[in-house]
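Colleague:
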Amino acid sequence: MGYVFDFKDAGSYDAWFDKGKNRHCLDLEIKLILDLLDPKKGQRILDIGCGTGISLLPLLEKGLSLTGVDPSPYMLDLADKRLGSQVDLHRGMAEDLPFDDNSFDMALLFTSLEFTDRPAKAIEEACRVAKDRVVIGVLNRYAPQNMLRRFKSFFFPNIYTHAHFFSIWELRQILFAILGNVPVKWRTTPQLPFIRGTWSSYIENLSLVQKSVGGSLIGMQIKPVPKFMTRPLALKVQRRKIYKPAPGLVTEMRRKE
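Using the working numbering, the first residue of the sequence shown is number 398, and each one after it goes up by one.
1. Can you tell me the Cα-Cα spacing of Ala560 and Thr513, whole angstroms?
2. Considering only residues of the same chain and omitting the five flanking positions on each side of Leu589, which have a CB-CB separation below 8 Å?
3. Candidates Glu458, Lys518, Asp493 and Asn499: which alpha carbon is nearest Leu480's?
4. From the DSSP output, in three-state form, read off Ile533 for me.
5. Tell me the residue span of the alpha helix (DSSP H) that contains Gly408.
6. State buried or exposed for Asp415, treating a residue as buried only when at least 16 other CB atoms are found within 10 Å of its CB.
7. DSSP beta-bridge partners for His487?
8. Helix, strand or coil for Lys528, going by three-state DSSP, please let me know.
9. According to DSSP, Ala504 sits in a beta bridge with which residue or residues?
10. For the beta strand (DSSP E) holding Ile615, just list the boundary residues, first then last.
11. Could you check what DSSP says for Arg593 in three-state terms: helix, strand or coil?
12. Can you say whether Thr558 is buried or exposed, counting buried as having 16 or more other CB atoms within 10 angstroms of its CB?
13. Roughly how many angstroms lie between the CA atoms of Gly465 and Asp435, to the nearest whole one?
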């Protein structure tokens, strides 16, 4: 089942993003996730572990069919106040989604996989309900900022006390164990979480910089079923020759009849 955010967690979650430096990091993370999703108008997107709806907010004006699911009723209450009827909200677990196979075009797990007891099962469920693409955003175990978070959580318990931080290699290993050698694309951000400004945002959004293994958030895009471009195969067909019996043979056959 994993860790379910309680009333206190839900209230402090949104308040945490009101701080300038935290909001700056969130903006970079959301941009990375949107780039990996690359949604098109009319597509159906499921946010697994949608929380208070922060990750769904940037998708509202893109003409998408949005659904969110979360195990915490307190987080869903805040999401409902934020998003209203624009998003279809459900209570449910990432490891046992209340949706049929291929119900969505894409599924998103944004900083929610860390709080599940069975991350492999949660990914498997995301791939089951999404027919085209799954995007995962997880906290990077080897990022300096997250190392500090983990260290602090030992002495001052907080939500990170209940989180499992991932590495790129660990996440890839889980994916390949479930799905085989499927197409995977990853990037990270932010590299400089404590620095804000126009120039730092420009640097953070460079593709080469985002290939660093030290970013605080790992964004990973998965295509559950490999798709390959095909073209018609041209085959040469030789027309079969029709052989006619000799006239004398035909006459002899008729006499026998």
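Beta carbons are placed, not taken as given, at the ideal position from N, Cα and C, and that holds for glycine.
Modeller: On the basis of the supplied data:
1. As a first step, residue 560 is located in the sequence shown; it is residue number 163 there, counting from the start. As a first step, residue 513 is located in the sequence shown; it is residue number 116 there, counting from the start. Using only the alpha carbons, I get a separation of about 8 Å.
2. Working through the sequence shown from its first residue, we reach residue 589 at position 192. Hits under 8 Å: Ser597, Ile600 and Glu601.
3. Taking the sequence shown and counting its residues from 1, one reaches residue 480 at position 83. Looking at the Cα atoms, Glu458 is the closest of the given residues.
4. Taking the sequence shown and counting its residues from 1, the one referred to as residue 533 is at position 136. Strand, per DSSP.
5. Taking the sequence shown and counting its residues from 1, the one referred to as residue 408 is at position 11. Gly408 -> alpha helix (DSSP H) spans Phe404 to Trp413.
6. Here the question's residue 415 lines up with position 18 in the sequence shown. Per the 10 Å Cβ criterion, exposed.
7. Translated into the one-based positions of the sequence shown, residue 487 becomes position 90. According to DSSP, His487 bridges with Val466.
8. Taking the first residue of the sequence shown as position 1, residue 528 is located at position 131. The answer is strand: DSSP assigns Lys528 an E or B state.
9. As a first step, residue 504 is located in the sequence shown; it is residue number 107 there, counting from the start. Bridge pairing for Ala504: Leu443 and Val531 [DSSP].
10. Here residue 615 is taken as the residue at index 218 of the sequence shown, counted from 1. Residues Leu614 to Ile619.
11. Counting from one through the sequence shown, the residue named residue 593 turns up at place 196. In the structure shown, Arg593 sits in coil (DSSP, three-state: anything other than H, G, I, E or B).
12. The sequence position of residue 558 within the sequence shown is 161, counting from 1. It counts as exposed.
13. Reading the sequence shown from its first residue, position 68 is the one you call residue 465. Reading the sequence shown from its first residue, position 38 is the one you call residue 435. Taking the CA atoms as reference points, Gly465 sits about 18 Å from Asp435.
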